[in-house]
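Peer 1: Take any residue in the sequence shown, note its place counting from 1, add 1, and you have its number in my numbering.
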Amino acid sequence: MRLNAPTQIIFVLSLIIAVLSVLMVYGIVRIPGVQAFWVLLTAFAVLALGAVFKRL
């Protein structure tokens with residue numbers, strides 16, 4: 002499997018999601034029924050998919 006650099010859009014999207022999870026940890030943002038861990042895991046998954054696929 003060959004890895005590629007994620008596009009800038011994918012990187013910024015995953016960064017925004019990761020910042021959202023940090024804000025959830027400190028209680029600044031509250032999303033009922035969603036834990037910050039799963040939001041952070043989603044950010045990592047978006048970034049990983051951006052590295053695996055060439056155009057995403």
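Here a beta-carbon is modelled for each residue, glycine too, at the ideal position from N, C-alpha and C.
1. Is ALA17 helix, strand or coil when you go by DSSP?
2. Please name the residue, chosen from LEU4, LYS55, VAL26 and ILE10, that lies closest to VAL40 on a Cα-to-Cα basis.
3. Please report the straight-line C-alpha distance between ALA49 and ALA19, rounded to a whole angstrom.
4. Hey, quick one: how far does the alpha helix (DSSP H) through VAL35 stretch, first residue to last?
5. With a CB to CB cut of under 7 Å and the five nearest residues on each side skipped, what residues in its chain are close to VAL47?
6. What does the Cβ neighbour count give for PRO33, buried or exposed, with the cut at 16 atoms within 10 Å?
Peer 2: According to the data block:
1. In the sequence shown, the residue the question calls residue 17 occupies position 16. Reading off the sequence shown, one finds Ile at residue 17, where the question assumed Ala. In this structure, DSSP gives ILE17 a helical state, which the three-state scheme calls helix.
2. Taking the sequence shown and counting its residues from 1, one reaches residue 40 at position 39. Looking at the Cα atoms, VAL26 is the closest of the given residues.
3. Within the sequence shown, residue 49 is the residue found at index 48, counting from 1. Within the sequence shown, residue 19 is the residue found at index 18, counting from 1. If you take the alpha carbons of ALA49 and ALA19, they lie about 13 Å apart.
4. Position 34 of the sequence shown, counting from 1, holds the residue named residue 35. Under the DSSP assignment, VAL35 falls outside any alpha helix (DSSP H); it carries neither an H nor an E label.
5. The residue labelled residue 47 in the question sits at position 46 within the sequence shown. Around VAL47: ILE11, LEU14, SER15 and ILE18.
6. Here residue 33 refers to the residue found at position 32 when the sequence shown is read from its first residue. Of the residues assessed, PRO33 falls on the exposed side of the cut-off, its CB having fewer than 16 other CB atoms within 10 angstroms.
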